[in-house]
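Chains as they are written, first to last, in the working numbering: chain A, 1 to 297; chain B, 298 to 563.
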């Protein structure tokens, strides 16, 4: 991820002042981020790892170094149920959302003017930053058994369909969470595909669908995979959709963390779950980025 | 050619459907907030302002508004300052460990909110700083700084680096060049970053829920209503939250867009 984010940003200015000695001026700009993110990002996350080895005695946390929390948590059936559930749903959401977003991003990249595309991205950015929680509540009302969709369907004599508190409900929530971002990332990557190459494929008699899968997808691979990775990260960590739309049956890892944390002094156990989640996400993200930048054979 | 046309039409409809899916809950929550039914469905009930009246007269909501305003205003200033510093550092300097520096600057949004919340709660209560309004501020600055940095960095990328050098050649000190060249150039992005980070902080519910203790912000109040007796009050509060954060995000984007066009034209 590091290399990727760095390469997205423009190269530093070539003003001949690179690698100058570190003075007061340079430090003034460099230090604020270092201090804040160290004290309140690096340290808390490291502390979380340490906390997973603490002990709980008489309902009080005692600093220590014991693997007992890890052993206990990993021997629980409900932990693994939650793990497979979370991983499975996030993987499913990643595939479904990537596939469903693709035609939309394709249309935005190739069938619309530059201006229309800019406005589309403008409107996609808004919901990405707009209260996810309220949107999920609205979805709850929309897909409930007596909700809007079933109300509409009853006019044509269908339903009611049970959608709330099912895996389908969770998936709707993940889509609400990830769809705008995935469409934006896919659109950016496809809009940058060299039109001449597509033109050339058509001239050589390559059909439309074949052009999409043999020319456009490989060329836009990095952006498509980055979109999928973000989709996986967001779905994997989300607790709102599986709880309020999926009915928490079975709970996901995030719900497990909340229940364990809010029920008292069981923070070390929550820390075990949290560290497991971070390691999983790191492995998935690195595997995906490695695939994205692998040279074709 | 007929196939071409029908594919083009299909794709347009498809884009429309995706946008409907994305905006449906926002519109729905707006409509339901004026709807008399406790459990809204089709056909709609009658028009009412009842839900707005109940939240207007609820002191808990007003407390939450106060907490939210204090938090998001403070977060926007601090995180935009730190984000600006980091963006300028990335723009101007190359140094050993810069990739690690950038990772530190950009990674926080990729950590799941629940984990951030737990880590913050555990650490802040360890050092005796959890359960206050400033606990929320501390955590939100961590999460918002990357957005501020990205926005300012995009703007700085549009600046001709020789402008700063020209100021030095004309005798300006580094500080003077900063205040009369860099800051004025980056100003739209700075305001934009302030709006964006205010919106992110204003909407954030998970980490705030973990660390806030009794100082509930608006999203935390919504979360707690959702966990108990659900009432359409949420739609009324939600509409207020939507309008606030949408306005902020729109301002943030417009500031960046218009200036970008001017820069292109120049």
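Think of the CB as a built atom: it goes at the ideal place given N, C-alpha and C, for glycine as much as any other residue.
Exercise for the section: Take the Cβ of residue 162 (chain A) as the centre, count every other Cβ of all protein chains shown within 10 Å, and call the residue buried at 16 or more, exposed below. Expected result: Locating residue 162 (chain A) in the first chain gives position 162, counting from the first residue. Exposed.
Handout entry: Within 8 Å, strictly: CB atoms of residue 333 (chain B) and residue 535 (chain B)
Key = By 1-based counting over the second chain, the position of residue 333 (chain B) is 36. By 1-based counting over the second chain, the position of residue 535 (chain B) is 238. No, the pair does not count as a contact, with Cβ atoms beyond the cut-off.
Problem - residue 314 (chain B) versus A:206, A:22, A:37, A:105, residue with shortest Cα-Cα distance - result: To locate residue 314 (chain B), count along the second chain from 1; it is residue 17. If we check each option's Cα against that of residue 314 (chain B), A:105 comes out closest.
Handout entry: Endpoints, the alpha helix (DSSP H) within which residue 60 (chain A) is located
Key = Indexing the first chain from 1 puts residue 60 (chain A) at position 60. Counting along the chain, residue 60 (chain A) falls outside any alpha helix (DSSP H), though it belongs to the beta strand (DSSP E) covering 60-62.
Problem - Straight-line gap, residue 113 (chain A) to residue 191 (chain A) (C-alpha atoms, nearest Å) - result: Taking the first residue of the first chain as 1, we reach residue 113 (chain A) at position 113. Taking the first residue of the first chain as 1, we reach residue 191 (chain A) at position 191. Computed Cα separation, rounded: 11 Å.
Problem - Below-8 Å beta-carbon distance, residue 277 (chain A) vs any chain B residue - result: Counting from 1 along the first chain, the entry for residue 277 (chain A) is found at position 277. It does; some Cβ of chain B falls within 8 Å.
Practice task
Using only alpha-carbon positions, find the residue among A:172, A:155, A:53 that is nearest to residue 142 (chain A).
Solution key: Numbered from its first residue, the first chain carries residue 142 (chain A) at position 142. With distances taken between Cα atoms, residue 142 (chain A) lies closest to A:172.
Practice task
Could you tell me whether the region 454-466 of chain B touches the region 540-553 of chain B, where touching means 3 or more Cβ pairs closer than 8 Å?
Solution key: no
Problem - Which listed residue (B:357, B:328, B:350, B:363) has its alpha carbon closest to that of residue 343 (chain B) - result: For the purposes of this step, residue 343 (chain B) is taken as residue 46 along the second chain, with counting starting at 1. Ranking the options by Cα distance to residue 343 (chain B), first place goes to B:328.
Practice task
Would you identify the three-state DSSP class for residue 56 (chain A), choosing helix, strand or coil?
Solution key: Taking the first chain and counting its residues from 1, the one referred to as residue 56 (chain A) is at position 56. It is a strand residue.
Handout entry: Straight-line Cα distance separating residue 239 (chain A) from residue 447 (chain B)
Key = The residue given as residue 447 (chain B) occupies position 150 in the second chain. The residue given as residue 239 (chain A) occupies position 239 in the first chain. Going by the C-alpha atoms only, they are around 27 Å apart.
Problem - At least three beta-carbon pairs within less than 8 Å, the region 411-428 of chain B to the region 356-363 of chain B - result: no
Exercise for the section: Please determine, among B:391, B:309, B:465, the residue with the shortest C-alpha to C-alpha distance to residue 26 (chain A). Expected result: By 1-based counting over the first chain, the position of residue 26 (chain A) is 26. Ranking B:391, B:309, B:465 by Cα distance to residue 26 (chain A) puts B:391 first.
Problem - Amino acids of chain B, ordered along the chain, whose beta-carbon sits closer than 8 Å to that of residue 179 (chain A) - result: By 1-based counting over the first chain, the position of residue 179 (chain A) is 179. What residue 179 (chain A) touches in chain B: 315, 318, 319.
Exercise for the section: Can you give me, in chain order, the residues of the region 144-165 of chain A that have a beta carbon less than 9 Å from any beta carbon in chain B? Expected result: 144, 146, 147, 148, 149, 150, 151, 152, 154, 155
Practice task
Can you give me the Cβ contacts of residue 128 (chain A) inside the same chain, cut-off strictly under 8 Å, excluding the 5 residues immediately before and after it?
Solution key: By one-based count along the first chain, residue 128 (chain A) stands at place 128. Same-chain partners within the cutoff: 180, 181, 184.
Handout entry: Exposure of residue 37 (chain A), with buried meaning 16 or more beta-carbon neighbours within 10 Å
Key = Numbered from its first residue, the first chain carries residue 37 (chain A) at position 37. Buried, by the Cβ-count rule.
Handout entry: 6 Å CB neighbourhood of residue 324 (chain B) in its chain, flanking five on each side removed
Key = Locating residue 324 (chain B) in the second chain gives position 27, where the first residue counts as 1. Hits under 6 Å: none found.
Problem - Three-state secondary structure (DSSP) of residue 123 (chain A) - result: Looking up residue 123 (chain A) in the first chain gives position 123. Helix at residue 123 (chain A).
Exercise for the section: Would you check if the region 487-498 of chain B and the region 239-251 of chain A touch, i.e. whether three or more CB-CB distances between them fall below 8 Å? Expected result: no
Practice task
Helix, strand or coil for residue 102 (chain A), going by three-state DSSP, please let me know.
Solution key: As a position in the first chain, residue 102 (chain A) is number 102, starting the count at 1. Here residue 102 (chain A) sits in helix by DSSP.
Exercise for the section: Give the secondary structure of residue 236 (chain A) by DSSP, where H, G and I count as helix, E and B as strand, and everything else as coil. Expected result: Here the question's residue 236 (chain A) lines up with position 236 in the first chain. Helix at residue 236 (chain A).
Handout entry: chain A residues whose Cβ lies nearer than 7 Å to that of residue 550 (chain B)
Key = Your numbering for residue 550 (chain B) matches position 253 in the second chain. Neighbours of residue 550 (chain B) on chain A, chain order: 122, 125.
Practice task
Output the boundary residues of the alpha helix (DSSP H) element that contains residue 174 (chain A).
Solution key: As a position in the first chain, residue 174 (chain A) is number 174, starting the count at 1. That run of the alpha helix (DSSP H) goes 167-191.
Practice task
Keeping to the same chain, check which residues put their C-beta closer than 7 Å to that of residue 384 (chain B); ignore five residues upstream and five downstream.
Solution key: Position 87 of the second chain holds residue 384 (chain B). Cβ within range, chain order: 446, 449, 450, 453.
Handout entry: Option in B:340, B:367, B:378, B:356 with minimal Cα separation from residue 480 (chain B)
Key = As a working mapping, residue 480 (chain B) is identified with position 183 in the second chain. For residue 480 (chain B), the nearest C-alpha among the options comes from B:378.
Handout entry: chain B contacts made by the region 91-111 of chain A, where a contact means CB separation under 8 Å
Key = 100, 101, 103, 104, 106, 107, 108, 111
Exercise for the section: Would you mind working out which of A:88, A:103, A:57, A:31 sits nearest residue 316 (chain B), comparing C-alpha positions? Expected result: On the second chain, residue 316 (chain B) is found 19 positions in, with the first residue counted as 1. Cα-wise, what sits closest to residue 316 (chain B) is A:103.
Problem - Distance between residue 274 (chain A) and residue 257 (chain A) (C-alpha atoms, nearest Å) - result: What you label residue 257 (chain A) is simply residue 257 of the first chain in a count that begins at 1. What you label residue 274 (chain A) is simply residue 274 of the first chain in a count that begins at 1. Spanning the two alpha carbons is a distance of roughly 7 Å.
Handout entry: Same chain, Cβ closer than 7 Å to residue 410 (chain B), five either side skipped, listed in chain order
Key = Reading the second chain from its first residue, position 113 is the one you call residue 410 (chain B). Cβ neighbours of residue 410 (chain B) beyond the five flanking positions: 503, 504.
Problem - Same chain, Cβ closer than 8 Å to residue 335 (chain B), neighbours up to 5 away in sequence not counted - result: Looking up residue 335 (chain B) in the second chain gives position 38. The answer, listed in chain order, is 528, 529.
Exercise for the section: Determine, using beta carbons only, whether residue 434 (chain B) and residue 518 (chain B) come nearer to each other than 8 Å. Expected result: Position 137 of the second chain holds residue 434 (chain B). Position 221 of the second chain holds residue 518 (chain B). In this structure, residue 518 (chain B) does not lie closer than 8 Å to residue 434 (chain B) by Cβ.
Exercise for the section: Give, in chain order, every unbroken run of the alpha helix (DSSP H) that is at least 4 residues long and sits entirely within the region 18-50 of chain A. Expected result: 24-37
Exercise for the section: Counting only runs of 4+ residues fully inside the region 433-509 of chain B, write out the alpha helix (DSSP H) ranges in chain order. Expected result: 459-466, 471-474, 480-500, 503-508
Handout entry: For residue 67 (chain A) and residue 406 (chain B), the rounded distance between their alpha carbons
Key = Mapped onto the second chain, residue 406 (chain B) falls at position 109. Mapped onto the first chain, residue 67 (chain A) falls at position 67. One C-alpha to the other measures close to 29 Å.
Exercise for the section: Check the Cβ-Cβ distances between residue 535 (chain B) and every residue of chain A, and say whether any is below 8 Å. Expected result: Within the second chain, residue 535 (chain B) is the residue found at index 238, counting from 1. Interface residue, yes.
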